[in-house]
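Oh and the sequence shown: position 593 is 593 in UniProt numbering, straight run, nothing missing.
For reference, the structure is listed below as structure tokens.
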Amino acid sequence: MAQVFGLDFGTTNSLAAIVLNDSVSVLTDRETDRPHPSAVWYHGAEVVAGRRAKDQLTEIATGVVGDVVRSPKSYLGTGAAIHVGGVAREPSDVVADILRHVRTDATSLPGMRDMGFDRAIVTIPVNMKGAARRELRDAAYKAGLHIVQYVHEPLAALYGHLRSQSSFKQKLAELEGRYVLVFDWGGGTLDLTLVKLVGGTLVQIQNMGDNTIGGDRFDERLVNHVKDRHANVYRLASWPSQMPNAEAQLIGQCELAKIRLSERHSATVFMANFLRSDGPERTLDLAVGREELEGLTRDLVDQGMANIDRLLASANVPEAAVALCLATGGVVQMPAIRNRLTEKFGLARVPTIGNGDRVIAEGAAWIAHDGLRLCLAKPFEVLHADDTYVPVIHEGTFLPLENQTHPYELGLYCVDPRDGLAKLQFTRPQWPGRCQPADPRHVYTSLALGVDATARPLFERLELSVKVDHDLIVTARARSTLRGDERAVEIHDLEFGLAADQTRTNGVRTQDRDSGSPRPRGSGGAVRLRSNIARNQDAWDLVPGEIVERYRSSYLDKRLSPPQRQVEESMYYKSCSMCGKSTYEINSQGCARCRQPSPEEAAAAREALNAAIARSGGPAPLA
Numbered sequence: 001m002a003q004v005f006g007l008d009f010g011t012t013n014s015l016a017a018i019v020l021n022d023s024v025s026v027l028t029d030r031e032t033d034r035p036h037p038s039a040v041w042y043h044g045a046e047v048v049a050g051r052r053a054k055d056q057l058t059e060i061a062t063g064v065v066g067d068v069v070r071s072p073k074s075y076l077g078t079g080a081a082i083h084v085g086g087v088a089r090e091p092s093d094v095v096a097d098i099l100r101h102v103r104t105d106a107t108s109l110p111g112m113r114d115m116g117f118d119r120a121i122v123t124i125p126v127n128m129k130g131a132a133r134r135e136l137r138d139a140a141y142k143a144g145l146h147i148v149q150y151v152h153e154p155l156a157a158l159y160g161h162l163r164s165q166s167s168f169k170q171k172l173a174e175l176e177g178r179y180v181l182v183f184d185w186g187g188g189t190l191d192l193t194l195v196k197l198v199g200g201t202l203v204q205i206q207n208m209g210d211n212t213i214g215g216d217r218f219d220e221r222l223v224n225h226v227k228d229r230h231a232n233v234y235r236l237a238s239w240p241s242q243m244p245n246a247e248a249q250l251i252g253q254c255e256l257a258k259i260r261l262s263e264r265h266s267a268t269v270f271m272a273n274f275l276r277s278d279g280p281e282r283t284l285d286l287a288v289g290r291e292e293l294e295g296l297t298r299d300l301v302d303q304g305m306a307n308i309d310r311l312l313a314s315a316n317v318p319e320a321a322v323a324l325c326l327a328t329g330g331v332v333q334m335p336a337i338r339n340r341l342t343e344k345f346g347l348a349r350v351p352t353i354g355n356g357d358r359v360i361a362e363g364a365a366w367i368a369h370d371g372l373r374l375c376l377a378k379p380f381e382v383l384h385a386d387d388t389y390v391p392v393i394h395e396g397t398f399l400p401l402e403n404q405t406h407p408y409e410l411g412l413y414c415v416d417p418r419d420g421l422a423k424l425q426f427t428r429p430q431w432p433g434r435c436q437p438a439d440p441r442h443v444y445t446s447l448a449l450g451v452d453a454t455a456r457p458l459f460e461r462l463e464l465s466v467k468v469d470h471d472l473i474v475t476a477r478a479r480s481t482l483r484g485d486e487r488a489v490e491i492h493d494l495e496f497g498l499a500a501d502q503t504r505t506n507g508v509r510t511q512d513r514d515s516g517s518p519r520p521r522g523s524g525g526a527v528r529l530r531s532n533i534a535r536n537q538d539a540w541d542l543v544p545g546e547i548v549e550r551y552r553s554s555y556l557d558k559r560l561s562p563p564q565r566q567v568e569e570s571m572y573y574k575s576c577s578m579c580g581k582s583t584y585e586i587n588s589q590g591c592a593r594c595r596q597p598s599p600e601e602a603a604a605a606r607e608a609l610n611a612a613i614a615r616s617g618g619p620a621p622l623a
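Structure below.
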């Protein structure tokens, strides 16, 4: 069987890596030794991907620029075509051109010809939805690539960082139950992810993305600054036209200067033929200082640091609780950014890594090598009629690999069929390990299923089938056995973690409750669905009181101590023997004879009665 490799298909750049003989090899562009730009140039009948495609860009932008498509990943799952070169192309076709280029270039590297590169662990952003994952798999098939498993980029980065250390097992043990901030500043976005190691599983706690301050914005400012300085040096009254392809070359030169300024205090931007002119201004030759670049981009760095504060505040996690800040992506090589992170978290918690733009691909390669599996980070639940949550898929359950589908079945009964609908609500806890009924939930979706409105409670059986496919999409299908109605919903935002130690019991991780974690902020006043389904056919204590009385009148005999809720419900809809109105009508419309007294009126009545009892020398006053 061919070796499984790791693939970081990024918004700005893409990179493959493979582990051979317990050593990871990063498969960079063979000409530049850098990651492949995620760009495709449709040059007539020729399709050019990677560095050559990016070199054609005449502006710093994503999407379609002339005949070049940059960052086609952003189109996946949108249903929109990419219009380039007068042709409407499917996003999966454009993405396939990039993946095909990465594979082809990898096989041309020394010692890699026979590797095949047809099976991969592919990294994806935390917020990539199921539809985009499904289309990315289609693109991979078109490029001759099988996606064995997806993994979130921050989890791959963290595992890659830890796995590269000789004390890997010890580091995992030290981080158990602690928070890690993965700070990934790439060309397109700044992605912040708060991760926690829970029972040996890397679980995402909170995520925040900011696409307004990606590394491209740094390049854009440097390009404009260089142009302004060049105009000032030669005192140009107007800007002459540029030489063909000069803008694309300037963008590339400024990107290189930005990279060099991470290691040097000065870098030169040079172009022999920049402007259409016979004078000295034709040549661009400027030295740019590190402090100069930092001054141009200080507000972007400030915004990035402020995003950290917002993320931690939203998760209710103090800075001091972050055990490790892992800074990845090309932009974090800037000393100004590393210094700010060190000021915030301290030197010991911000390790210096030299592979920040490669660690995600390396992590995916190690995950492939070690055979790690994705597992469900939080249980997939259905709301029960007693306001508890029944796990359909347990936390820690392994998720499907390529071409696998995992089915789960659950039998239910309709507690209250009067409106002809059974209501199913699918949820997950907001916080890992916080699974008590009172703990806050995220509602995936709800499903209303037609049932026999004339049937007695707990008579009609409901069959619930839940399936998870290899794109981590859940299909929940419910069927009522009497009415014969069938409904289905898809859920695309399943939360999954990475089982870093593979300790399992019957496929489910045994985890301690995480009682020490701070709780996220709740949403007070939210409207909740009242579930009318139950697992037990004898659960009459869950049936509304007014229906119980219709089918089992003796059940509400006070000598049998029925639940007070059901007693109140049975009385609420009964007509008053004096005025004929229900309790609801009396309370909402009023009735001088029958309405319930206010607390003040009741207190005054008790006081008057007690006074009368005291005057007559009767028993002790009423409380």
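Ideal placement from N, C-alpha and C gives every residue a C-beta, glycine not left out.
Quiz item: Roughly how many angstroms separate the alpha carbons of C254 and G346, rounded to a whole number?
Solution: 31 angstroms
Practice problem: Can you tell me the Cβ-Cβ gap for I121 and Q149, rounded? I've got them flagged as a contact below 8 angstroms. | Solution: In this structure I121 is in contact with Q149, their Cβ atoms being roughly 5 angstroms apart against a cut-off of 8 angstroms.
Quiz item: Across which residues does DSSP place E46 in a beta bridge pair?
Solution: E46 is bridged to H43.
Quiz prompt | Proximity winner among H492, I124 and R103, relative to G116 (alpha-carbon distances) | solution = R103
Quiz item: Helix, strand or coil: how does DSSP classify C576 here?
Solution: coil
Exercise. Can you have a look at V233 and say buried or exposed, based on whether 16 or more other CB atoms are within 10 angstroms of its CB?
Key: exposed
Self-check item: Element boundaries [alpha helix (DSSP H), containing Y234]
Solution: Run containing Y234: none; DSSP gives neither H nor E here.
Quiz item: How is C254 classed by DSSP in three states: helix, strand or coil?
Solution: helix
Quiz item: Going by Cα to Cα distance, which pick from R483, L7, R221 and R178 is closest to L321?
Solution: Reading off the sequence shown, one finds Ala at residue 321, where the question assumed Leu. With distances taken between Cα atoms, A321 lies closest to R178.
Quiz prompt | S23 versus N532 - alpha carbon distance | solution = 56 angstroms
Quiz item: Alpha carbon to alpha carbon, how far is C375 from V317?
Solution: The C-alpha of V317 is placed about 24 angstroms away from the C-alpha of C375.
Quiz item: Anyone know if the C-beta pair for G200 and A364 falls short of 9 angstroms?
Solution: no
Practice problem: Compare the Cα-Cα distances from G356 to each of R134, A156, L109 and D93 and report the closest residue. | Solution: A156
Exercise. Could you tell me which of S71, Q249, R550 and F270 sits nearest to N211, measuring between CA atoms?
Key: S71
Self-check item: Contact belief for L341 with F183 at Cβ below 8 angstroms, rounded distance in angstroms
Solution: 7 angstroms
Practice problem: Rounded to whole angstroms, what's the CA-CA distance from E611 to M578? Just pull it up for me. | Solution: Checking the displayed sequence, the identity of residue 611 turns out to be Ala instead of Glu. Taking the straight line from one Cα to the other gives about 29 angstroms.
Quiz item: Terminal residues of the continuous beta strand (DSSP E) containing K423?
Solution: L421 to P429
Practice problem: Could you tell me whether the Cβ atoms of S465 and A422 are closer together than 9 angstroms? | Solution: The answer is no: Cβ separation not under 9 angstroms.
Self-check item: Where L383 falls: helix, strand or coil (DSSP)
Solution: strand
Practice problem: Kindly indicate which three-state DSSP category G497 falls into: helix, strand or coil? | Solution: strand
Quiz item: With 16 other CB atoms within 10 Å as the buried threshold, where does H83 fall?
Solution: exposed
Quiz item: What residue range is occupied by the uninterrupted alpha helix (DSSP H) comprising L158?
Solution: E153 to R163
Quiz item: In whole angstroms, what separates the C-alpha of R119 from that of E381?
Solution: 33 angstroms
Quiz item: Quick one: what's got a C-beta closer than 7 angstroms to R133's C-beta in the same chain, skipping five residues either side?
Solution: I124, Y150, D471 and L472
Quiz prompt | Bridge partners - T123, DSSP secondary structure assignment | solution = D8 and V151
Quiz item: Hey, out of P240, I205, G188 and S108, whose CA is closest to L30's CA?
Solution: Reading the sequence as shown, one finds Arg at residue 30 and not Leu. Nearest option by C-alpha distance: S108.
Quiz item: Thinking C-alpha only, which one of K258, P37, M128 and K54 is nearest D493?
Solution: M128
Self-check item: Bridge partners - L197, DSSP secondary structure assignment
Solution: E176 and L202
Practice problem: Starting from the Cα of H230, find the closest Cα among F270, G214, T32 and Q3 and give me that residue. | Solution: F270
Quiz item: Under the rule that 16 or more other beta-carbon atoms within 10 Å means buried, what is R519, buried or exposed?
Solution: At R519 the pLDDT is 38, less than 50, meaning the model places this residue with poor confidence and gives no usable figure here.
Practice problem: Quick one: using the 10 Å Cβ neighbour count with 16 as the cut-off for buried, is S14 buried or exposed? | Solution: buried
Self-check item: Cβ-based burial, S570 [other Cβ within 10 Å; buried from 16]
Solution: buried
Quiz item: Would S92 be called buried (16 or more neighbouring beta carbons within 10 Å of its own) or exposed?
Solution: Label assigned to S92: buried.
Quiz item: Could you check where the beta strand (DSSP E) with H442 kicks off and where it finishes?
Solution: R441 to G450
Exercise. Alpha carbon to alpha carbon, how far is K344 from E319? Give it in angstroms, no decimals.
Key: K344 has its alpha-carbon roughly 8 angstroms from the corresponding atom of E319.
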